[in-house]
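Structure record follows, encoded as structure tokens.
Numbering (UniProt numbering), first residue to last: 1 to 322.
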């Protein structure tokens, strides 16, 4: 197919779903029947998904969802693509459509931060009294973020409430802006912050995805690329003056190429050039480089002597055999 014959859809909605487990099964069957691929989470509190396919398939899916009363106003953020962004189709039933695991859950349709459109959000970011908080994971932030945003030291969303509690003095009595990829994480988290006594909280409506597509902001004040949880790995956001903020894990040079550590027991995501990935045998540490199941080495087909020589080039050796 020609370029841009495919689309990637990003969407969510907090809305009560009766018999959510059965609904998830029905949706999986429908999605497979039309040739859609992606990942959809469904719970009693709503739906959260990202799917991809040829345009006629994605349009059929959007029509299918909009035909249901509860999803008649479902907002799809659409990205053009030249192929599928997903390998398979998954529809999972979950307790939450975004795992926050609060001691006391909350309903974002009843308690949530003020929603700002992209232009309003950009204006708010320029206010010196505003504190800008990235609610995503550390590896997402490292690839790209809004200029001046705080980077929480977290590796998954469930860790964010505790991090905020430990750093509460940064947020009390201040105007807080929060943002995430498509908006779904902020819906519940902004409400949680308000419940914690941090009252002046606003969120980017539609997330970074919407901000990058807005014709007025055109991604202004965004640095780097946006991490996405599909085969694309990253997408551009700033269409005015893009810069690279990601740094190579091994030498700190500018880099936007995410790879997984070759050790399957580690699997850490790191930014690395092809040259450095090869130089360091695909491993993020010495232990990972010499791991007997190093996938990178297996893919390269390197034998014992080649491995020894490559390790010697970086001042390392294979562990002594027991």
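Just so you know, even glycine gets a beta-carbon here, dropped at the ideal spot from N, CA and C.
Since this is a predicted model, take the numbers as computed values, not measurements.
Q: Alpha carbon to alpha carbon, how far is residue 199 from residue 193? Give it in angstroms, no decimals.
A: 7 Å
Q: In the DSSP assignment, find the unbroken beta strand (DSSP E) run with residue 115 in it and report its ends.
A: 114–116
**Q.** Option in 191, 239, 291, 270 with minimal Cα separation from residue 253
**A.** 270
Q: Determine the DSSP secondary structure at residue 33, reduced to helix, strand or coil.
A: helix
Q) Taking buried to mean at least 16 other C-beta atoms within 10 Å of its own C-beta, is residue 185 buried or exposed? A) buried
**Q.** Close Cβ partners of residue 190 (< 7 Å) along its chain, the five nearest in sequence each way excluded
**A.** 112, 113, 178, 201, 203
(Q) Does residue 6 pass the burial test, meaning 16 or more other C-beta atoms within 10 Å, or should it be called exposed? (A) buried
Q. Taking one C-beta from the region 149–169 and one from the region 66–82 each time, how about it: are there three or more such pairs within less than 8 Å?
A. no
Q | Residues bridged to residue 42 [DSSP beta-bridge criterion] | A | 47, 93
Q: Per DSSP, which residues does residue 203 bridge with? Please list them.
A: 115, 178
Q) Should the region 144–151 be regarded as contacting the region 208–225, the criterion being three or more beta carbon pairs within less than 8 Å? A) yes
Q | Beta bridge counterpart(s) of residue 10 as assigned by DSSP | A | 50, 77
Q) Is it the case that the Cβ atoms of residue 319 and residue 295 are separated by a distance below 8 Å? A) no
Q) I think residue 23 touches residue 40, with their Cβ atoms under 8 Å apart; what is that distance to the nearest whole Å? A) 10 Å between Cβ atoms; not a contact.
Q: Rounded to whole angstroms, what's the CA-CA distance from residue 158 to residue 131? Just pull it up for me.
A: 21 Å
**Q.** Residue(s) in a DSSP beta bridge with residue 270
**A.** 259
Q. Buried or exposed: which applies to residue 81, given that a residue is buried once 16 or more other Cβ atoms fall within 10 Å of its Cβ?
A. buried
**Q.** DSSP-derived helix/strand/coil call for residue 324
**A.** This structure cannot speak to residue 324, because the chain is shown only from 1 to 322.
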